[in-house]
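Novice: Quick one: the structure is below, questions incoming.
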Amino acid sequence: MTKHRNSIVFWAGAAVFLIAVLSMTQIVRNEYPFFAGYVILQFIALAVAWSILGGYAGYVNFGTNAFFGVGVYTAVALFKATGAPLVVQIAAAAVVGMTLGFGVGLLTLRMRGIFFSIATIALAIIIETFVMNWRFVGGAAGIQIQRPPVMAPFDSYVKMLFFVQALLVVIAVSIARYIQNSRIGRGLQALRDDELAAECTGVPTLKLKLVACMISGALISAAGAPAAMYLQYADPSSAFNLSYSVSALAMALIGGTAHWIGPVLGAILLGSTQQLLAVTISSEVNVLVLGIMLVLFVVGAPKGIIGLLRPRYRLRAGGKP
Amino acid sequence: MTPAAAPDAPLLQVGAITKTFGGFTALDNISVDIRKGERFGLIGPNGSGKTTLINCISGALRPQTGNVIFCGEDITQLPPHLRARRGIARSFQIPRPFKSMTVLENLMVGLDFAKVDSSLPEEDVAMSILTRMGLASKASAPTGTLSQVELRKMELARAMAVRPKLLISDEAMAGLSSSEVDEVLDLLISLGEEDITIIMIEHIMQAVMRFSERVMCLDAGKIIAIGAPAEVMGNKRVQEAYLGT
Amino acid sequence: MKRRTFLGGAMAVAVLGQGSSALAQQPPIKIGMSMPQTGGLAGGGKASLLGIEIWRDDINAKGGLLGRKVELVVYDDKSSASETPAIYAKLVDVDKVDLLFAPYATVPTAPIMPFVKQRGLLLMGNFSFQVNSKVGHDMWFNNAPWGPADSWAASFLDLAQKAGGKNMALLTADQEFAQNLALTARDVAKKRNLPVVFDQVYPPNTVEFSSIIRALKAAKPDIVYVASYPPDSAGILRAVNEIGIGDDVKIFGGGMVGLQFAAVMSNLGSLLNGVVNYNTWLPEKSMYFDGTKEFFDKYTKRAVEAKVDPLGYYLAPFGYAMGQMIEAAVNSTKSLDQKGIAKYLRENEHKTIVGPIAFSADGERKETATLQAQFRGVKDKDIEQFRSPGKQVILFPEKLKTGDLISPFEAARK
Amino acid sequence: MFSMDLLLGAVVLGVLLGCFYAAVSVGLSVSFGLLDVPHVAHPAFLVLASYGVYQLNESYDIDPLLAGLAITPLFFLFGLLAYRVYYETFERRGSDAGVRGIAFFFGIAFIIEVLIILQFGVDQRSVSATYIGKSWRFGEFRIPIRQLVAFAVALALTVLLAVYLSKTFMGRAIRAVAQDEEALRLMGANPVRIKQFAFGIATAVLGIAGALLIIVAPVEPTLDRAYIGRTFCVVVMAGLGSISGTLIAAIILGVAESIVLTLFGASWAPAISFAMLLGVLAVRPQGLLGR
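Protein chains in written order, with our numbering: chain S, 1 to 321; chain Z, 1001 to 1245; chain W, 2001 to 2414; chain B, 3001 to 3291.
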């Protein structure tokens, strides 16, 4: 009963959010909110997608930038070769990201988490090297992209991208929420706590990890795909920037990974703090804040913001009463 | 799909399995059949290969040679979760609860993935198992708050949630007081009365004697005695093996 | 016409009469930009910004632009392309700045080119390379002395061929700027039938160049054209010093980024000798124009406090020059109308502290003023030595030349 | 392009480079290989040590190797502290130590990077010493002396650590704690103290390794990222915790990098160590000499 009511509330909320976003694109004329909002929405999508594997299953992916970059360059390559529309670019990026997730997962998810983590760092560098040597998409020099004309009902491309990214956020959150409430979520939580015990209780751990890795990879790549059109430019060092990995990880862990709302809160908080800090402090102190917050939360508030807000999660997490 | 096992065929057949780690042979050509509904005791000194054997049965390890046949099906190469779905469940020597979950949720994992059809809602099934185990009052407690005996019971309850044909209990009484030992033992015996085959690894001899219909003793990866409890306890090599350590 | 002049004069008198109070009352003219202040480009970005700030202070001391104070609105883009679109949208839509300057370097600039083109905004470029060639924005003006795309490689190869070079080796970093240079170098070599005997691209973060230099040496080239980044430039020169490069080499260098920065130069010291490399400004006597000396006096003082490059030759004076061009254009057109300013900038030659600047249609310099200079007599661990002339002798362009190439490379190293 | 001389040169340089890689990886072989700490901040500690060496060399003109030796005790203490924090916050509490432990060290690495930038800026730094910038000639063949120095010191360091771990009482206790913590506890030793000490040693070694790093080439604050691949590749390929394996694996990596750089071009070089790492993980995760 309550589950059912929760669902209604959730979908109503999602609809209200999308309608609000859509009407904002129609009413607000100043373009800056869309530029800045796009970045924050992108971080929400990344953090939520990251936490499907990193939070629910406890496998730390340092390669968010690899999947992100793959999304960007899938879009670039496809657009340059065929002029495919944005929707197709995003779908293709999701497919490629999913395939990549499957490959890495198959290779390393049998082993302990640390091997997976290191393999994802390796992945980012190998793919970046590959893209740097790929002249068709501009190689190391990067590539400038001309946007196609904007589609109705939008009057500017950035507004459209803002809406598209909002849609991706809704998709990512609904998938995360579905997983969390389904037996997949319970299985992931079990294997995160104890892999052998989970196996012996009937949980197909490898399969679930692979599924999580594929979904997470697909969503990260999909969230990265519109970046090519947003920047109208792509270069390997920006597309594969390590800061995507640090941010996604920090936002998810700071927000808390036991519930899908955690990464959303973390991304909104850190994303807007970063936008604010970028305007006020222009030194490395800005980045330092992110690192210190990450370490403080990891050490002091293992369940993140939602753990602090909702004692239930603290209770669930706690070793001692 | 699987060929129907003959009515009197053993539930579990361990066929000549050998398991080595590097140069160390943990199990040396072990064969044993376990009947349906049997209460089977497994004893032996530390490092004799008891846990390795049940790891090979439950799927945590795979033997180098030999096979494991369950209900007439060769499961030697199957991963643990598929064995669990076929009806093999276990508890662990050192309890391994899902720490971020409540007791009830721990059971729900097994119910979720064992794929047994039931007309009752899963939560009700879980509650009935907990009631059976005397843990009903702890259903919504986090596992971190449980006492040692409650943890042991929770592990057995979680194993029961898979609705096993074969339950393997790995030293479920270690570190418990004698009244608690009796409590857990009674539980196991009552489970055995419900047509569940049980393999019990135990160091506490009275418990083994009271529980088992048949006992097997391992030493250095070999079977040194198998038979009725009193018979095995009277065996010279068994006594030596125990005194020797 | 006369009437307007009269009115203008009257207004000017009025403004002068009100003095500083008028300066305070009128809203300031805001110039917006992002600048890399953290990340890999931060060193250059901060020096460039200091140059611009010195211009702002000078102009405000003179009474501002059109009688209004000049104010800079600067955000950090973290050396990344992904930050700049939001920053420039904020500058234009929220801060409502009057004029835009581009951030230092190509990568952060590239994403804002389509934006300014679409909005029809003037953008003063800041040392980016070939960023407008595909966009074709007619209100873009780059302060860098690069000039036509191929002039860079051409000037180096001119010097090389004059010294008897017959074939070329290319060693380039796998990053955008170096790859752009490599591309033109290959083109120019092809046009001149200069065989390329060695062509290698190495990745960023390469630690050990001994292997690469050994392979390069084995190819026995006459001309070695290197396009590298600061961390690698040092590694390459070290390896060359240790492994040797052969007596055939007539000329070495060309496009090594980093050898313009004080920290790198003092670090490398005598290893620099003989290298012919590009530069933008040097303390040679041909390089002093109206205001140049005063600028560097101010810069040297403020650099210490701002913790930026103590010499500041490479970027800072061009930041100042960017301001000077805007100053001239706004004062002549007497408005902030961006189309008018662009028209003025395109049609006139501008006097700046880095010499006269004239633009061609694509917003780059009409003629290249990129220097090729040879390091000579450099000692170890001494920053101050680079302030005196003769340490980097200008070989190109002809107008600014202060010496001739010493060749072969090994001879020049002594 | 191909010639025997060039190949020979590549192999010789590769061996030198490989020994240097062994020196920078050997600490990780202890901390990750033996102690099972997911120490992704190891390369960041390494770069931090290099900056320490740089500071001493710059301000007091101390030879970089001596400077490395001088900061070794400091790094030992630093290691003790780091392990204590890690143990108290993660290992002792047990639950999901993996995830948070990795994130913790990742965060630490990130903080170290930023602090170095705040203190020293993004420019690269290098040290001066009499043996830097000269080379040893052998006919046409020249080997940079800095590489010979790095080679000799690295080899000595690795061998010394291997001997320490196999011959001394403490060394053997460290190996034992890696294999069976319970047994050690029964013997009356405190495994946590032994692990802490071992982590201290693993970090102390970085003092010298950091000196070698800045002797071989200039350092910059984000250099640690390149070394995550190299060090973990070496340690995993070696078989976790095997010191002799570390040396062999590092030489294989060094030679592979050097040959690819010399004969096939450098554009694929950064992927070498990572590709080898992925390959090892996929094919033989227990490493060359794995247990």
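The beta-carbon is built from N, C-alpha and C at its ideal position, and this holds for glycine as well.
If you're wondering where the values come from, they're calculated on a predicted model, not measured in any experiment.
Taking Cβ-Cβ distances shorter than 9 Å, what residues in chain Z pair up with T205 of chain S?
Specialist: P1079, P1080, H1081
Novice: In whole angstroms, give me the CA-to-CA distance for P1142 of chain Z and S1100 of chain Z.
Specialist: 7 Å
Novice: What residues match up with A1089 of chain Z in a beta bridge as DSSP calls it?
Specialist: For A1089 of chain Z, which the question treats as bridged, DSSP gives the partners Z:L1167.
Novice: Could you give the DSSP three-state label for M1216 of chain Z: helix, strand or coil?
Specialist: In the three-state scheme derived from DSSP, where H, G and I count as helix and E and B as strand, M1216 of chain Z is classed as strand.
Novice: Relative to chain B, which residues along the region 144-175 of chain S have a C-beta separation below 9 Å, given in chain order?
Specialist: none
Novice: Under three-state DSSP, which class holds A2014 of chain W?
Specialist: Only weak support is given to the placement of A2014 of chain W: the predicted model assigns it a pLDDT of 41, under 50, and the value that follows is read from those uncertain coordinates. Looking at A2014 of chain W - three-state DSSP - the assignment turns out to be helix.
Novice: Compare the Cα-Cα distances from A1026 of chain Z to each of Z:G1221, Z:A1084, Z:Y1242 and report the closest residue.
Specialist: Z:G1221
Novice: Compile a chain-ordered list of the residues in the region 188-220 of chain S whose CB is closer than 8 Å to at least one CB of chain Z.
Specialist: Q189, A190, R192, D193, D194, L196, A197, A198, E199, C200, T201, G202, V203, P204, T205, L206
Novice: Let me know the alpha helix (DSSP H) ranges lying completely inside the region 126-187 of chain S, each 4 residues or longer, listed in chain order.
Specialist: Whole alpha helix (DSSP H) segments, 4+ residues: 157-181.
Novice: By a C-beta neighbour count over all protein chains shown, 10 Å radius and 16 as the cutoff for buried, is Q3119 of chain B buried or exposed?
Specialist: exposed
Novice: The ligand GTP and V3149 of chain B: does the residue's C-beta get closer than 7 Å to at least one heavy atom of that ligand?
Specialist: Absence of the ligand GTP is noted for the structure shown, with no ligands found whatsoever.
Novice: Could you spell out where the beta strand (DSSP E) holding I1226 of chain Z opens and where it closes?
Specialist: 1222-1227
Novice: In terms of residue numbering, what span does the beta strand (DSSP E) encompassing W2140 of chain W cover?
Specialist: Looking at the DSSP string, the run of the beta strand (DSSP E) that includes W2140 of chain W is 2140-2142.
Novice: Between R1085 of chain Z and G202 of chain S, how many whole angstroms is the CB-CB distance? I'm expecting something under 8 Å.
Specialist: Confirmed, about 5 Å.
Novice: Which residues mark the beginning and the end of the alpha helix (DSSP H) in which F43 of chain S is found?
Specialist: 32-54
Novice: Assuming I306 of chain S contacts G262 of chain S (C-beta within less than 8 Å), just tell me the rounded distance between them.
Specialist: 5 Å
Novice: Mind checking if F35 of chain S is an interface residue toward chain W, Cβ cutoff 8 Å exclusive?
Specialist: yes
Novice: In the DSSP assignment, what residue or residues form a beta bridge with G2125 of chain W?
Specialist: Beta-bridge pairing links G2125 of chain W to W:N2142.
Novice: Sort B:I3248, B:A3269, B:P3270, B:G3229 by Cα distance to F116 of chain S and report the nearest one.
Specialist: B:G3229
Novice: Quick one: using the 10 Å Cβ neighbour count with 16 as the cut-off for buried, is G13 of chain S buried or exposed?
Specialist: exposed
Novice: Counting only beta-carbon atoms, is T2184 of chain W nearer than 8 Å to chain S?
Specialist: no
Novice: Suppose only complete runs of 3+ residues qualify. What are the beta strand (DSSP E) ranges in the region 2141-2183 of chain W, listed by chain order?
Specialist: 2168-2173
Novice: According to DSSP, which residues form a beta bridge with A2373 of chain W?
Specialist: Per DSSP, W:N2277, W:I2394.
Novice: Output needed in chain order: residues of the region 2165-2195 of chain W with a Cβ under 7 Å from some Cβ in chain S.
Specialist: D2174, Q2175, E2176, Q2179, N2180
Novice: Can you tell me whether A1026 of chain Z is helix, strand or coil according to DSSP?
Specialist: A1026 of chain Z sits in a strand when the DSSP states are folded into three classes.
Novice: Quickly, what does DSSP pair Q1013 of chain Z with across the bridge? List them, please.
Specialist: By DSSP's assignment, Q1013 of chain Z forms a beta bridge with Z:D1033, Z:I1069.
Novice: Counting only C-beta atoms, is N65 of chain S closer than 8 Å to chain W at any point?
Specialist: no
Novice: When you compare the CB positions of S2000 of chain W and T2084 of chain W, do they come within less than 8 Å of one another, or not?
Specialist: The structure shown does not extend to residue 2000 of chain W, since chain W is modelled only from 2001 through 2414, so no value can be given for it.
Novice: Select from Z:V1125, Z:L1176, Z:F1211, Z:V1181 the residue whose C-alpha is nearest the C-alpha of G1192 of chain Z.
Specialist: Z:F1211
Novice: With 9 Å as the limit, tell me which residues of the region 3201-3234 of chain B have their beta carbon closer than that to any beta carbon of chain A; keep them in chain order.
Specialist: In the structure shown, chain A does not exist; the protein chains are S, Z, W and B.
Novice: Give me the Cβ distance between A267 of chain S and A47 of chain S, rounded to the nearest whole Å; I'm assuming they're in contact under 8 Å.
Specialist: 4 Å
Novice: Checking the sheet assignment: what are the DSSP bridge partners for R3084 of chain B?
Specialist: According to DSSP, which records beta bridges pairwise, R3084 of chain B is partnered with nothing at all.
Novice: Say whether chain S places a C-beta atom closer than 8 Å to the C-beta of R1096 of chain Z.
Specialist: yes
Novice: Once you ignore the five residues that flank Q2137 of chain W on each side, which residues in its own chain have a CB closer than 8 Å to its CB?
Specialist: Rather than Gln, the amino acid found at residue 2137 of chain W in this sequence is His. Exclusion of the five residues before and after H2137 of chain W leaves M2113, V2116, K2117, L2123, G2363 as the residues of its chain whose Cβ lies within less than 8 Å of its Cβ.
Novice: Is any beta-carbon of chain W found at less than 8 Å from that of M24 of chain S?
Specialist: no
Novice: Taking Cβ positions only, does S245 of chain S come closer than 8 Å to chain W?
Specialist: no
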